[in-house]
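With the sequence shown counted from 1, adding 118 to any position gets you the numbering used here.
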Amino acid sequence: MFLPHQSWPDLADYVADESLAVVPLGSTEQHGPHLPEGTDYLIAEALARAATDRTGYLCTPPIPVGVSSHHRQFHGTMWVDPPVFRDYVESLSRNLTYHGIDRIVYVNAHGGNVQHLREVGRRLHEDETAFAIEWMWDESIPGLIEEVFETPGPHGGPKETAMIMHIAAELVREDRLEDARDGGAIFDYEAELVHGARIFYDAIENSPNGVFGDQTDATPEIGERLFEAATEQLVALLEWLDDQPFSDLVASPHVDPRST
Numbered sequence: 119m120f121l122p123h124q125s126w127p128d129l130a131d132y133v134a135d136e137s138l139a140v141v142p143l144g145s146t147e148q149h150g151p152h153l154p155e156g157t158d159y160l161i162a163e164a165l166a167r168a169a170t171d172r173t174g175y176l177c178t179p180p181i182p183v184g185v186s187s188h189h190r191q192f193h194g195t196m197w198v199d200p201p202v203f204r205d206y207v208e209s210l211s212r213n214l215t216y217h218g219i220d221r222i223v224y225v226n227a228h229g230g231n232v233q234h235l236r237e238v239g240r241r242l243h244e245d246e247t248a249f250a251i252e253w254m255w256d257e258s259i260p261g262l263i264e265e266v267f268e269t270p271g272p273h274g275g276p277k278e279t280a281m282i283m284h285i286a287a288e289l290v291r292e293d294r295l296e297d298a299r300d301g302g303a304i305f306d307y308e309a310e311l312v313h314g315a316r317i318f319y320d321a322i323e324n325s326p327n328g329v330f331g332d333q334t335d336a337t338p339e340i341g342e343r344l345f346e347a348a349t350e351q352l353v354a355l356l357e358w359l360d361d362q363p364f365s366d367l368v369a370s371p372h373v374d375p376r377s378t
């Protein structure tokens with residue numbers, strides 16, 4: 119159920135009987151010469167809509183701009199500062215709780231948002247307002263990604279390229295896939311350490327065109343496999359979360375000093 123497409127009376131039965139909402143989030147930032155800047159939020163929204171269509175749970179509009187200043191050197195990248203992002207997502211989440219929502223899944227497709235969404239979830243958990251968790255599509259299917267790609271790349275690589283080929287093929291500049299590969303890099307986390315310290319801050323410091331991996335490995339067929347597998351994982355997560363008593367999700371009480 120996509121909230122923006124409903125009238126308020128149409129939502130009455132849902133808010134009376136259900137307490138779960140899905141919030142898709144991503145970014146509007148460079149994804150190399152071959153992918154649209156909206157790659158992350160397009161993926162997040164497509165997965166959230168597919169999973170909620172299959173289950174009947176509530177899906178909010180996407181949040182299309184996230185924490186992306188590490189891509190700022192590339193044209194068109196948009197971002198908000200982390201405290202602004204956290205406060206906005208928290209405020210939106212508390213808005214949902216006003217309507218009776220007490221569990222939220224942030225369907226996230228941008229790595230820069232992860233720690234901030236977890237912080238928002240922690241705030242809501244501490245005051246027992248709601249149980250909110252962050253979910254990343256690629257982290258739900260690591261085995262499949264390793265199976266289909268030799269060098270998936272953490273950003274703008276073949277896994278994101280294949281997903282956009284599946285959900286919005288007209289936005290992929292397929293004549294630039296080789297340029298993306300040849301002008302980018304294969305990211306090695308260990309190689310970026312100097313005496314144990316990570317010395318980079320921005321994507322351009324690791325990749326001249328901002329992306330990683332071999333984009334020529336992507337196909338629409340692989341994208342469909344990734345999309346369906348991730349959607350199945352998200353559906354399972356939503357159904358699991360809906361089944362949990364809220365009393366089992368709230369923060370544990372302080373240890374009783376008399377029990378030690």
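Don't be surprised by glycine CBs; every beta carbon is placed ideally from N, CA and C.
Decide if residue i is buried, meaning its Cβ has at least 16 other Cβ atoms within 10 Å, or exposed.
i: Tyr159; result: buried
i: Leu379; result: Outside the modelled stretch of the chain, which goes from 119 to 378, sits residue 379, for which no answer is possible.
i: His284; result: buried
i: Ala336; result: buried
i: His193; result: exposed
i: Asn213; result: exposed
Alpha carbon to alpha carbon, how far is residue i from residue j?
i: Asp297; j: Pro151; result: 7 angstroms
i: Leu344; j: Trp255; result: 9 angstroms
i: Leu359; j: Arg221; result: 8 angstroms
i: Ala315; j: Val223; result: 33 angstroms
i: Leu165; j: His313; result: 40 angstroms
i: Arg294; j: Gly174; result: 39 angstroms
i: Glu346; j: Leu352; result: 10 angstroms
i: His149; j: Glu163; result: 17 angstroms
i: Val266; j: Gly341; result: 10 angstroms
i: Met119; j: Thr178; result: 9 angstroms
i: Arg172; j: His228; result: 24 angstroms
i: Thr170; j: Trp126; result: 18 angstroms
i: Glu147; j: Arg167; result: 22 angstroms
i: Asn324; j: Arg299; result: 13 angstroms
i: Met196; j: Arg190; result: 7 angstroms
i: Glu288; j: Thr279; result: 12 angstroms
Looking only at its chain, what residues have a beta carbon closer than 7 angstroms to the beta carbon of residue i, apart from the 5 residues adjacent to it on each side?
i: Pro230; result: Sequence inspection shows Gly at residue 230; the Pro mentioned does not correspond to that position. So the list reads Ser145, Gly184, Val185, Ser186 and His188, once near-sequence residues are dropped.
i: Ser137; result: Gly218, Ile219, Asp220 and Arg221
i: Ala348; result: Leu165, Trp255, Ser258 and Ile259
Using the DSSP secondary-structure output, state which residues sit across from residue i in a beta bridge.
i: Val198; result: Partner(s): none; Val198 has no beta bridge.
i: Trp253; result: Val225
i: Val140; result: Cys177 and Val223
i: Leu311; result: Arg316
i: Ala303; result: Phe330
i: Phe267; result: The partner list for Phe267 (beta bridge, DSSP) is empty, contrary to what the question assumes.
i: Phe120; result: Cys177
Tell me which same chain residues have a C-beta within less than 6 angstroms of the C-beta of residue i, skipping the five on either side of it?
i: Thr215; result: Thr247 and Ala248
i: Arg291; result: His152
Cβ contact (3+ pairs, closer than 8 angstroms) linking the segment 230–238 and the segment 198–205: yes
Three or more beta-carbon pairs under 8 angstroms between the segment 330–338 and the segment 266–275, yes or no? yes
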